[in-house]
Amino acid sequence: MEPASAFTGGEAWDSVGEAARRAGMSREGYSRRFRKHHGVPPHAFGLQERLNEARLLLRAGEPIAAVAADTGFTDQSHLGRCFRRAFGVTPGRYRAS
Numbered sequence: 001m002e003p004a005s006a007f008t009g010g011e012a013w014d015s016v017g018e019a020a021r022r023a024g025m026s027r028e029g030y031s032r033r034f035r036k037h038h039g040v041p042p043h044a045f046g047l048q049e050r051l052n053e054a055r056l057l058l059r060a061g062e063p064i065a066a067v068a069a070d071t072g073f074t075d076q077s078h079l080g081r082c083f084r085r086a087f088g089v090t091p092g093r094y095r096a097s
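Numbering (the UniProt record's numbering), first residue to last: 1 to 97.
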């Protein structure tokens, strides 16, 4: 089983329940196995993947609102809160640096 594959490819950042269903496992079993294999819960892994993608898009000069939408955040504020918590800087400052 490759649990990280649930968060990559065409349907990135699926729900844990959907990923578990595709893997033929219960949600709880999937989460336990994922955490054991990757060291973080599936949700945290998915969030980090989305934030890494956001960093790439910001570096490419994409507008923050577009980055938020493209990476699955509810809005620009949601991206900003998560981004600052993870990287210690706002998306705007990151892009300017």
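From the three backbone atoms N, C-alpha and C, an ideal C-beta is built for every residue, glycine too. Quick caveat: nothing in here was measured; it's all calculated off a predicted structure.
With respect to the 9 Å criterion, ALA54 and PHE34 are not classified as neighbours on the basis of their beta carbons. Remark: fewer than three beta-carbon pairs, one from each stretch, lie closer than 8 Å, so the stretch 60-78 and the stretch 35-43 are not flagged as touching.
Residue ranges of uninterrupted alpha helix (DSSP H) with 4 or more members, entirely inside the UniProt domain "HTH araC/xylS-type" (15-97) and ordered along the chain, are 16-23, 27-38, 42-59, 64-70, 76-87, 91-96. Sixteen is the threshold: since fewer than 16 other Cβ atoms of the shown chains lie within 10 Å of the Cβ of GLY17, the residue is exposed. Around the beta-carbon of PRO63, fewer than 16 other beta-carbon atoms lie within 10 Å, marking it exposed.
For LYS36 and ARG27, the gap between their C-alpha atoms comes out near 14 Å.
Taking 9 Å as the cut-off, the beta carbon of LEU47 is found no closer than this to the beta carbon of ALA20. Residue environment analysis places ARG50 among the buried positions, since at least 16 neighbouring C-beta atoms fall within 10 angstroms of its C-beta. Cα atoms of THR90 and SER15: separation of roughly 26 Å, rounded to the nearest angstrom.
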